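Below is one structure, written out as structure tokens; the observations come after it.
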Amino acid sequence: MAEAAHDKRINSNLLVDAFFDSLMIRYSYIDNVEPCMDYELFGKVYKTPILGAALGLHTRFHESGSLGYARGIASGGSVNFNGWIEDEELEAICAEGIPSARGVKPFADHDRIYQCIEHDEKCGAIAVCMDLDHIFDVDGRYVDAPYGKCGRQTLPDLRGYASSTSLPFILKGILTAKDAEKAVEAGAAAIIVSNHNNRFPSMIPPLAALPEIKKAVAGQIPVLVDGGIESGVEAFKAFACGADGVMVCRTLMMAFSKGGPQAVTEKLIRMTDELRGIMANTGASCVSEIRTDQVVRRDF
Ligand SMILES: Cc1cc2nc3c(=O)[nH]c(=O)nc-3n(C[C@H](O)[C@H](O)[C@H](O)COP(=O)(O)O)c2cc1C
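Residue 106 in numbering that gives the first Met the number 0 is what sits at position 107 of the sequence shown, and the numbering runs on without skipping anything.
So, in structure tokens, the structure goes:
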């Protein structure tokens with residue numbers, strides 16, 4: 000018998016797993032139709048609502064590097080949101096017409112941030128992203144990485160970046176209504192609710208933070224989410240908790256390390272099929288039709 004996708008979680012984290020496991024899906028069948036998996040983001044339509052989350056250091060996982068990974072994502076019909084990659088890497092990816100963006104680090108040198116944004120716009124990226132949870136390290140000091148030192152980012156700073164470009168400016172690492180409101184005020188085109196793979200102690204699971212954030216954003220911009228999504232099951236639960244789009248990092252990264260670009264494509268297709276399966280059997284004809292009452296939290 001084929002192994003059910005949801006039988007085994009690989010990238011285990013106690014709080015994130017417990018939250019996913021507490022959600023039960025309500026199935027219903029009458030009047031349902033085969034779902035359409037097309038997904039629109041920033042005016043472009045993709046074949047799947049499961050997006051490639053920010054990943055860096057690609058050559059650690061497969062020799063084909065960031066370009067190979069991007070090709071794998073593109074063949075799966077999705078969007079490739081890189082983490083920090085060098086200018087030349089993004090240029091090579093965009094030169095192939097692969098819908099891609101990169102995460103510009105919250106550098107202490109703000110001029111460098113502006114240069115990155117200008118570069119990404121010129122080279123044809125679809126957006127530019129910044130991971131706010133990478134300003135500080137776990138020891139409370141500013142991140143000092145080989146690619147550069149990070150530093151404080153104020154609301155006017157963020158507003159400056161967003162207004163300097165025609166690209167959608169995305170803020171990643173949002174976990175509170177307060178930061179979500181500031182992101183909207185800064186002119187962000189979307190936010191990513193994420194705990195960056197549990198970067199800090201006892202972090203709230205992203206799905207648990209979603210309701211207050213959705214309320215704060217009030218439909219003004221898309222609210223994307225990542226963290227522990229390994230199959231269509233978690234993707235469905237994320238949509239049911241209010242996500243407007245879901246992103247996957249380590250699950251695709253692990254596929255990449257085992258089988259290169261093709262394995263990334265296959266994993267994306269499989270996850271999309273799993274999501275379609277649940278949508279068909281719960282009565283959602285597209286992801287925007289997945290409703291909060293289609294999951295219920297277990298109290299036993
Ligand atoms: C190897 C690796 C590199 C990452 N690099 C970045 C990065 O440069 N920028 C960023 O915003 N997030 C980065 N992330 C975090 C992911 O985008 C994502 O937020 C996190 O892994 C949770 O999603 P997941 O559970 O699907 O892995 C990285 C994650 C991994 C595993």
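Beta carbons: idealized from backbone N, C-alpha and C, even for Gly.
Just so we're clear, the structure is a prediction, and the values are computed from it rather than from any experiment.
Original post:
How is Val142 classed by DSSP in three states: helix, strand or coil?
Top reply: coil
**OP:** Go ahead and label Gln152 buried or exposed: buried means 16 or more other beta carbons lie within 10 angstroms of its beta carbon, across all protein chains shown.
**Re:** buried
Original post:
Does DSSP put Met202 in a helix, in a strand, or in coil?
Top reply: coil
**OP:** Kindly indicate which three-state DSSP category Asn173 falls into: helix, strand or coil?
**Re:** The question names Asn, but residue 173 is Ile in the sequence shown. Residue state, collapsed to three classes: strand.
**OP:** Answer with buried or exposed for Pro200, where buried requires no fewer than 16 other C-beta atoms within 10 angstroms of its C-beta.
**Re:** exposed
Original post:
Under 8 Å, do Val103 and Ile92 count as touching if we go by C-beta distance?
Top reply: no
**OP:** Indicate the three-state DSSP secondary structure (helix, strand or coil) for Val232 in the structure shown.
**Re:** helix
**OP:** Could you tell me how far apart the beta carbons of Cys301 and Ala52 are, in whole angstroms, since I believe they sit closer than 8 Å?
**Re:** Given that the chain is displayed from residue 0 to residue 299, the structure contains no residue 301 and the question cannot be resolved.
**OP:** Would you kindly report the start and end of the unbroken alpha helix (DSSP H) that includes Asp272?
**Re:** Arg249 to Ala279
Subject >> Distance CB(Val286)-CB(Pro48) smaller than 8 Å >> reply: yes
Original post:
Say the cut is 7 Å; is the CB of Met253 nearer than that to a heavy atom of ligand 1?
Top reply: no
Original post:
Is any heavy atom of ligand 1 found at a distance shorter than 7 Å from the C-beta of Thr47?
Top reply: no
Original post:
Looking only at its own chain, which residues have a Cβ that is under 6 Å from the Cβ of Thr164, when we skip the five neighbours before and after it?
Top reply: Ile116 and Glu120
Original post:
Roughly how many angstroms lie between the CA atoms of Lys236 and Arg25, to the nearest whole one?
Top reply: 11 Å
Original post:
Less than 8 Å separating the beta-carbons of Leu54 and Asn12?
Top reply: no
**OP:** Apply the 10 Å Cβ neighbour rule to Glu2 and answer buried if 16 or more other Cβ atoms are within range, or exposed otherwise.
**Re:** Here Glu2 scores only 41 on pLDDT, less than 50, and its place in the model should not be relied on; the value that follows carries that caveat. Glu2 is exposed by the Cβ-count criterion.
**OP:** Determine the burial state of Asp6: buried for a count of at least 16 other Cβ atoms within 10 Å of its Cβ, exposed for fewer.
**Re:** Low local confidence applies: a pLDDT of 43 at Asp6 is under 50, so the model's placement there is unreliable, and no value is given.
Original post:
Do Gly244 and ligand 1 come close, with the Cβ less than 7 Å from some heavy atom?
Top reply: no
Original post:
Does any heavy atom of ligand 1 sit closer than 7 Å to the C-beta of Cys35?
Top reply: no
**OP:** Return yes when the Cβ of Pro210 is within less than 8 Å of the Cβ of Leu14, no when it is not.
**Re:** no
Original post:
Would you call the stretch 56-76 and the stretch 252-265 touching, i.e. three or more CB-CB distances under 8 Å?
Top reply: yes
Subject >> Burial state of Lys214 (16 or more Cβ within 10 Å) >> reply: exposed
Original post:
Mind checking whether the beta-carbon of His109 lies closer than 7 Å to any heavy atom of ligand 1?
Top reply: no
Original post:
With which residues is Met23 paired in a DSSP beta bridge?
Top reply: Val295
Original post:
Any idea which residues DSSP pairs Ser284 with across the strands?
Top reply: Its beta-bridge partners do not exist; DSSP assigns none.
**OP:** Count the other C-beta atoms from every protein chain shown that fall within 10 angstroms of the C-beta of Met0, then say buried if there are 16 or more, exposed otherwise.
**Re:** Here the model assigns Met0 a pLDDT of 32, short of 50, so the residue's position is not dependable, and the following value carries that caveat. Met0 is exposed by the Cβ-count criterion.
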